[in-house]
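Q: With the sequence shown counted from 1, adding 478 to any position gets you the working numbering. Beta carbons: idealized from backbone N, C-alpha and C, even for Gly.
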Amino acid sequence: MKVLISGASVAGPVLAYWLDRYGFETTVVERTPALRHGLGGHAVDLFGHATDVVQAMGLWDEILAARTMIEKLTIERSGAKPVHVDLGRLYAGMSDRHVEILRGELTRILSAADSSEYLFGDSITSLNDDGDGVDVTFEHNAPRRFDLVIGADGMHSNVRRLAFGPEESVRRHLGGYLAVYSTPNLFGLGTNTLTHQSVNRLVAMYGVRQTGQARAAFLFRTENELAYDYRDKDQQKALLAKEFRDYGWRVPQLLEHLEAADDFYFDAIAQITLDTWQRGRIGLVGDAGYCPAPAVGGGTSLAIATAYILAGELAVNGPDGLRSYETKVRPMVDRSRAIGPKVMGSIIPGGPATLRLLPWAASVVPKLPTPIQRFIWSQNAVGKALGSEPLPTYAPSPGSPATPIQ
Ligand SMILES: Cc1cc2nc3c(=O)[nH]c(=O)nc-3n(C[C@H](O)[C@H](O)[C@H](O)COP(=O)(O)OP(=O)(O)OC[C@H]3O[C@@H](n4cnc5c(N)ncnc54)[C@H](O)[C@@H]3O)c2cc1C
């Protein structure tokens, strides 16, 4: 079977890898002129099932070697003593398997593992599903026909727009915004994260050990949705500068590097609430189908685990696997939707009480014995999403060297 995957970041390469191992013929189309790999982008987390999947792909050691190595977090607030958090112990309390890695590094490692055909610098312009296959046209490449087309093209998915309709009808705005860009390592951060919280605002920065630079992140809440052009970076930079111009702390030094930042990222903290991820021979995986909200929702682990399940279901059931995949991943997706609002409420405090309580809790919980930490996590949305049922096991296709997850 010939499968076209749109998007080569996290879900796309994982899906391509497993389909490849199950004997499918896969093509990946990616809008950027080359793979978005390397030391740019933001730090993302792999928990639980996602670590099982990359282990089964034989990539665990490489991912571990490329990890950020950030283990300490300092939370500062005006008029309060800094709070120090042992992130290593915090994550160990949440899950017995966790790794943090820059998204570009993860993409590099994941995409080197499969032997799909990659079409860079291109995008799908139309999809015509006639029940037996899908005719696809591209901006640049010649039209082609595939047995299946999968959108792994992120929160603003092109495949979703073409096959399921406009984004506005399936986007749930959580009321916040997020900006990230690189700066020189102005404050000698090493591999620590330093944050400053206030009501409705969070500024965070961490050192990137491989480049000697730092990355600054700004999260904020607004009463009304901001109107901006998602292609206009200068307009977004101006919006960010306006939101934080009176913030104080170390923000003025960070903003001095805003204009020159060439990796500036800005987006709404929003979820994709579509409730079906297949239409005929077209499907969605990862953020394209069910983005649980950038930076606060655990989308990377979800994308990896669900891409593995989609490949397995297609291997077992052929095109009908799109429907069985949907049934299998729905509980995981439903649980993940509860994470974003909770995490956003903690890291961007909505009022003075949360501003006082959460840094205290973040410093105390990691000091508790691991079983008690596990119990605490199991009582909330984040823990419930991490501790879900085991991943299904798929038999490899005849002759394939696949080692299914045990
Ligand atoms: C600032 C920030 C911080 C984050 N922090 C965390 C974190 O700490 N932990 C965590 O787990 N997750 C985090 N996330 C979320 C995480 O990055 C995503 O959940 C994850 O990358 C989803 O993977 P994906 O492959 O589904 O989509 P994406 O990573 O969004 O990839 C989509 C791919 O599709 C490509 N594409 C887009 N349009 C087209 C098109 N028309 N044609 C072809 N290709 C196209 C894009 O170029 C990209 O390569 C964060 C996200 C952001 C933005």
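Give every residue of the same chain whose Cβ lies closer than 7 Å to the Cβ of residue 526, excluding the five residues on either side of it in the sequence, and list them in chain order.
A: Excluding positions up to five away in sequence, the list reads 573, 575, 779 and 864.
Q: Between residue 632 and ligand 1, is the CB less than 8 Å from at least one heavy atom?
A: It does: the Cβ of residue 632 is within 8 Å (strictly closer) of some heavy atom of ligand 1.
Q: At which residue ranges does the stretch 609 to 696 contain complete beta strand (DSSP E) runs of 3 or more residues, listed in the order of the chain?
A: Complete beta strand (DSSP E) runs here, min 3: 612 to 616, 622 to 624, 626 to 629, 649 to 662, 670 to 676 and 679 to 686.
Q: Counting pairs of Cβ atoms below 8 Å between the stretch 830 to 845 and the stretch 790 to 797, do you hit three or more?
A: No: fewer than three Cβ pairs fall under 8 Å.
Q: What residue range is occupied by the uninterrupted alpha helix (DSSP H) comprising residue 527?
A: Here the alpha helix (DSSP H) through residue 527 covers 526 to 534.
Q: In chain order, which alpha helix (DSSP H) runs of at least 4 residues are fully inside the stretch 697 to 784?
A: Entirely contained in the stretch 697 to 784, the alpha helix (DSSP H) runs reaching 4 residues are, in chain order, 711 to 722, 729 to 733 and 765 to 768.
Q: Between residue 591 and the rest of its own chain, which residues show a CB-CB distance below 8 Å, the 5 nearest in sequence each way excluded?
A: Counting only Cβ-Cβ distances below 8 Å, and skipping sequence neighbours, we find 491, 495, 535, 536 and 537.
Q: For residue 741, verify whether its CB is less than 8 Å away from any heavy atom of ligand 1.
A: No; taking the cut-off as 8 Å, the Cβ of residue 741 has no heavy atom of ligand 1 nearer than that.
Q: Following a CB-centred definition, is residue 695 positioned closer than 8 Å to any heavy atom of ligand 1?
A: Because some heavy atom of ligand 1 lies under 8 Å away, the Cβ of residue 695 counts as near it: yes.
Q: Taking the C-alpha atoms as reference points, what is the distance between residue 667 and residue 682?
A: Distance between the alpha carbons of residue 667 and residue 682 is about 11 Å.
Q: With a CB to CB cut of under 7 Å and the five nearest residues on each side skipped, what residues in its chain are close to residue 707?
A: Correct list, in chain order: 713.
Q: Compare the Cα-Cα distances from residue 772 to each of 655, 513, 678 and 589 and report the closest residue.
A: Here the closest residue by C-alpha is 655.
Q: In three-state DSSP terms, what is residue 820?
A: Here residue 820 sits in helix by DSSP.
Q: Give a single yes or no on whether residue 766 has its beta carbon closer than 8 Å to a heavy atom of ligand 1.
A: Yes, Cβ of residue 766 sits closer than 8 Å to a heavy atom of ligand 1.
Q: With distances taken Cα to Cα, identify the nearest neighbour of residue 689 among 777, 532, 600 and 544.
A: The shortest Cα separation from residue 689 among 777, 532, 600 and 544 belongs to 544.
Q: Tell me residue 606's beta-bridge partners as DSSP assigns them.
A: Paired residue(s): 613.
Q: Apart from the five residues just before and just after residue 480, which ones in its own chain have a Cβ nearer than 6 Å to its Cβ?
A: For residue 480, where only same-chain residues beyond five positions count, the Cβ hits under 6 Å are 503, 624 and 625.
Q: Along the chain, where does the beta strand (DSSP E) that runs through residue 565 open and close?
A: First-last for residue 565: 565 to 572, but that is the alpha helix (DSSP H), not the beta strand (DSSP E).
Q: Classify residue 660 as buried or exposed, calling it buried when 16 or more other Cβ atoms lie within 10 Å of its own Cβ.
A: So residue 660 ends up on the buried side.
Q: For residue 782 versus residue 769, is the C-beta spacing smaller than 9 Å?
A: Result no, Cβ atoms of residue 782 and residue 769 do not sit closer than 9 Å.
Q: Are residue 641 and residue 605 closer than 9 Å when you measure CB to CB?
A: Yes.
Q: Whole angstroms are fine: how far does the CA of residue 506 sit from the CA of residue 619?
A: One C-alpha to the other measures close to 12 Å.
Q: Is the stretch 599 to 618 touching the stretch 732 to 745, taking contact as three or more C-beta pairs under 8 Å?
A: No, the stretch 599 to 618 is not in contact with the stretch 732 to 745.
Q: Check whether the Cβ of residue 656 lies closer than 8 Å to any heavy atom of ligand 1, and answer yes or no.
A: Because some heavy atom of ligand 1 lies under 8 Å away, the Cβ of residue 656 counts as near it: yes.
Q: Output yes or no for whether 9 Å exceeds the beta carbon distance between residue 872 and residue 596.
A: Taking 9 Å as the Cβ cut-off, residue 872 and residue 596 do not qualify as a contacting pair.
Q: When you compare each of 756, 747 and 763 to residue 821 by their alpha carbons, which one comes out closest?
A: Comparing Cα-Cα distances from residue 821 to each of 756, 747 and 763, the minimum goes to 747.
Q: With a threshold of 16 other CB atoms inside 10 Å of the CB of residue 522, please say whether the residue is buried or exposed.
A: Label assigned to residue 522: buried.
Q: So what's residue 494 in DSSP terms, helix, strand or just coil?
A: Residue 494: helix per DSSP, three-state reduction.
Q: For the alpha helix (DSSP H) containing residue 814, list its first residue and its last residue.
A: Residue 814 -> alpha helix (DSSP H) spans 799 to 814.
Q: With residue 579 as the anchor, note down where its beta strand (DSSP E) starts and where it stops.
A: It spans 576 to 580 - the beta strand (DSSP E) in which residue 579 sits, taken as one unbroken run.
Q: Once you ignore the five residues that flank residue 567 on each side, which residues in its own chain have a CB closer than 7 Å to its CB?
A: Closer than 7 Å at the Cβ level, and outside the excluded window around residue 567, lie 844.
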